[in-house]
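**Q** Residue numbers (the working numbering): 808 to 1218.
Structure provided below as C-alpha cells; questions to follow.
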Amino acid sequence: MTDLQPARGTHDLIGEDQRRHHHVAETARRIAASYGFDEWITPIFEDTRVFSRTLGETSDVVTKEMYTFEDRGGDSVTLRPEGTAGVCRALVTNGLTQSLPKKVFYAGPMFRYERPQKGRYRQFHQIGMELIGPAEPLADAEVIACGWDILKALNVHADTILELNTLGELESRAAYREALVAYFTAHKDSLSQDSLTRLERNPMRILDSKDERDRKIVADAPTIEAHLTEAAATFYAKVKELLARFGVPFRENPRIVRGLDYYGHTAFEFVTTKLGSQGTVMAGGRYDGLVAEMGGPQTPAVGWAAGIERLGMLLDAAPAAPVPVAVVPIGDEAEAAAIGVLQSLRAAGIRAEMSYRGNLRRRMERANRIEARTAVILGADDLAKGVAQVKDLKTGAQEAVSLPDIAAFLA
RNA sequence: GCGGGCGUAGCUCAGUUGGUUAGAGCGCCAGUUUGUGGUACUGGAUGUCGUGGGUUCGAUUCCCAUCGCUCGCCCCA
C-alpha cells in the first residue's frame, strides 16, 4: 500500500458518490436552463482582491479560510471560496454590464480551509445561480422558485424549509445595526464569549448563535422590521407575495443573516433537519452592491449557492448504475468477430462491454458481476449461421438473433 | 481554531487481561474435464493491526505525539 492519502478535507468521487454528485449537478443545470440561465465556467483561482475586497474584511471566509498563495510571478492568487465574486468579476471584465439582465448558472469546486466534518470539506462543490440586472422583487422570487424546483426535482424538498428574511438596504441595516449594538451592549455581561467578539465584528451574527444564554437574549432583541425604510418594507412584502404566487412555501425567520458582507434586502436559506449542524443546503440573497465594488457600474443582483455534497447526501437513493450489455464470444475466432457486434451496439448508443479474457463460463460470471441485463453470446456455430444468442440475464430466456438486427433488438 | 469518539485484509467487523505463524463474513483469483452466469462445493492470495516515538525481555494490545475520519462548537453550502 501507499502512505499517500487524499489531502485533508478532499475526497475522490467514485462510483455511487460520483453518481450522486453528477445527478445533483445535472438536475440543477437542466432546471436552471429551463429558467433561461446560461452556464458560465469561470476560473478556479482569481486575483486575491476579487475576494478580499468583496466578501467583507471581517468575514471568517476571508480572514482565515482562504487558500491564498503567491504564484511564481509574485502575484497573490486565491482558490475561489465561493462563486458569486468570480461571476461578478467576469461580468465586469467581459463588458457584460452593457447587456443586462444576465442569468448565470455555475457548478464547480470551491475551497475553504476549515476543519472538515460531514457535509463540510476543504474542497467542496457548489451549484449556484446569479440573476444580475433586475432590481425588482420578481427577480428574487424567481431565483428562489428555481432553487425550490431543483430541490423538488431532486426529491429532497420534503424535509427542507425555506427560511426568509430581509436585511434591508444600507440605510435600514445601518439603523438596525446601531439598535442591535445598543441592545447587546446593554446585555454584555450575559453574552457568550463568541458573541462578544461578534458584537464588535458583526453584531447581526449574534442573532443566529446557538448558545443557550445568547438565545435568551436574542429572543427579546429588536428585529429589523421596525428599522426598515418604507421602500425596504415594500420590497420585502412584494417578495413574499410573489413567492406565494410561485407556490414556494416559506417561513419567515428574522434571525437569518448572511456570512458574507455583500448581501442586502432578501436573505434566505433552505434548511434541512437531516444533516446535523450542516443543515443549510442552499442559501443566498440580494447583493446590489457587489458589481460596483468589483469596479463595474452600480448593478442590482440576486442569487444563491447550494452544496452539491450536501444535496447528494440528502438523495434518498443513489442514482442507479448504468446497465450494460455483455458481449460474450466463445473462442479466439469468435472474439475477433465479436468486435463488430460490440461496435455496432456502441454506435447505437448501447453501453456494451466485452471482457478481455476467459472462457465462456468466466465471461458469463463477469457479465453477471457487471450487472449486465443481456448477454450476446457468439460461438462458431452461431457465426456460421450469421446469428448470436441473445440471452436475458434476468429471466434466462435466450433466442437467436441475426447479427445485423442485434442493436435494434436491444434498443 | 476548541472539545468528545474512532482508526485491525478491498469492504463490514471480531480478537489479543502485553507473549510463538492476527481471524470471520463478504469480495477477489483459480478449480469442480473442455458452448451458458446468478446457487453450491474445493483451493488460493492479501494486512509493516493509521504513522512515528516511548515503556518492556517482548507491543497490534500500555503511554505520548502525529495524521485521518467522525460528532458538537465555530463558520458556512
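Built from N, CA and C at the ideal position, the CB exists for glycine as well.
DSSP on residue 812, reduced to helix/strand/coil?
**A** coil
**Q** Is it buried or exposed for residue 831, if we count other Cβ within 10 angstroms and need 16 for buried?
**A** buried
**Q** When the Cα of residue 1157 is compared with those of 1165, 1144 and 1130, which residue comes out closest?
**A** 1130
**Q** First and last residue of the beta strand (DSSP E) that includes residue 1111?
**A** Boundaries of the beta strand (DSSP E) harbouring residue 1111: 1108–1114, taken from the DSSP string.
**Q** Using beta-carbon positions only, say whether residue 816 and residue 983 come within less than 8 Å of one another.
**A** no
**Q** Among all the DSSP beta bridges, which residues are the ones paired with residue 1079?
**A** 967
**Q** Hey, out of 1138, 1145, 1152 and 1146, whose CA is closest to residue 1166's CA?
**A** The shortest Cα separation from residue 1166 among 1138, 1145, 1152 and 1146 belongs to 1138.
**Q** According to DSSP, is residue 854 helix, strand or coil?
**A** In the structure shown, the three-state DSSP call for residue 854 is strand.
**Q** Locate the alpha helix (DSSP H) running through residue 1088, then write down its first and last residues.
**A** Per DSSP, residue 1088 belongs to no alpha helix (DSSP H); it is in the beta strand (DSSP E), 1087–1093.
**Q** Thinking C-beta only, is residue 1135 closer than 8 Å to residue 1182?
**A** yes
**Q** Which residues bound the alpha helix (DSSP H) around residue 838?
**A** Start and end: 823–841.
**Q** Between the Cα of residue 952 and those of 823, 1075, 1010 and 1065, spot the shortest distance and give me the residue it belongs to.
**A** 1075
**Q** Rounded to the nearest angstrom, what separates residue 846 and residue 954 at their Cα positions?
**A** Each residue's Cα considered, the two are about 15 Å apart.
**Q** Beta carbon of residue 1046, beta carbon of residue 969: below 8 Å?
**A** No; because the gap between Cβ atoms is not below 8 Å, this pair is not in contact.
**Q** Between residue 966 and the rest of its own chain, which residues show a CB-CB distance below 8 Å, the 5 nearest in sequence each way excluded?
**A** Within the same chain, residue 966 has close Cβ partners 1079, 1080, 1081 and 1121.
**Q** Among all the DSSP beta bridges, which residues are the ones paired with residue 912?
**A** 846 and 936
**Q** Rounding to the nearest angstrom, what Cα-Cα distance links residue 1220 and residue 1147 in this structure?
**A** Nothing about residue 1220 can be reported from this structure: the residues present for the chain run from 808 to 1218 only.
**Q** What does DSSP give as the partner residue(s) for residue 918 in the beta ladder?
**A** Assignment of beta-bridge partners to residue 918 by DSSP yields 930.
**Q** Please go through the region 946–1022 and give each complete alpha helix (DSSP H) segment of 4 or more residues, from N-terminal end onward.
**A** 977–993 and 1000–1008
**Q** Below 8 Å on the Cβ atoms is my contact criterion, and I expect residue 1064 with residue 1012 to pass it. Report the Cβ-Cβ distance as a whole number of Å.
**A** With a Cβ gap of about 6 Å, residue 1064 and residue 1012 count as contacting.
**Q** If I measure Cβ to Cβ from residue 808 and keep anything under 6 Å in the same chain, skipping five residues before and after, which residues do I get?
**A** For residue 808, the predicted structure reports a pLDDT of 46, less than 50, and the residue's modelled location is therefore unreliable. A value from the coordinates is still provided. If we look at residue 808 and ignore the five residues flanking it on each side, it has no Cβ neighbours.
**Q** Going by DSSP, which residues form a beta bridge with residue 1151?
**A** In DSSP, residue 1151 forms no bridge with anything.
**Q** Could you give the distance in angstroms between the alpha-carbon of residue 1175 and the alpha-carbon of residue 829?
**A** Using only the alpha carbons, I get a separation of about 25 Å.
**Q** Could you name the residues of the same chain whose beta carbon sits closer than 8 Å to that of residue 1077, not counting the 5 residues immediately before and after it, in chain order?
**A** Within the same chain, residue 1077 has close Cβ partners 954, 955, 958, 967, 968, 969, 970, 1087, 1088, 1089, 1090 and 1113.
**Q** If you draw a straight line from the C-alpha of residue 925 to the C-alpha of residue 892, how long is it?
**A** 26 Å
**Q** So, do the region 820–828 and the region 850–864 have three or more beta carbon pairs nearer to each other than 8 Å?
**A** By the C-beta criterion, the region 820–828 is judged not to be in contact with the region 850–864, since fewer than 3 inter-stretch pairs fall below 8 Å.
**Q** Can you name the residues that DSSP bridges to residue 1205?
**A** 1198
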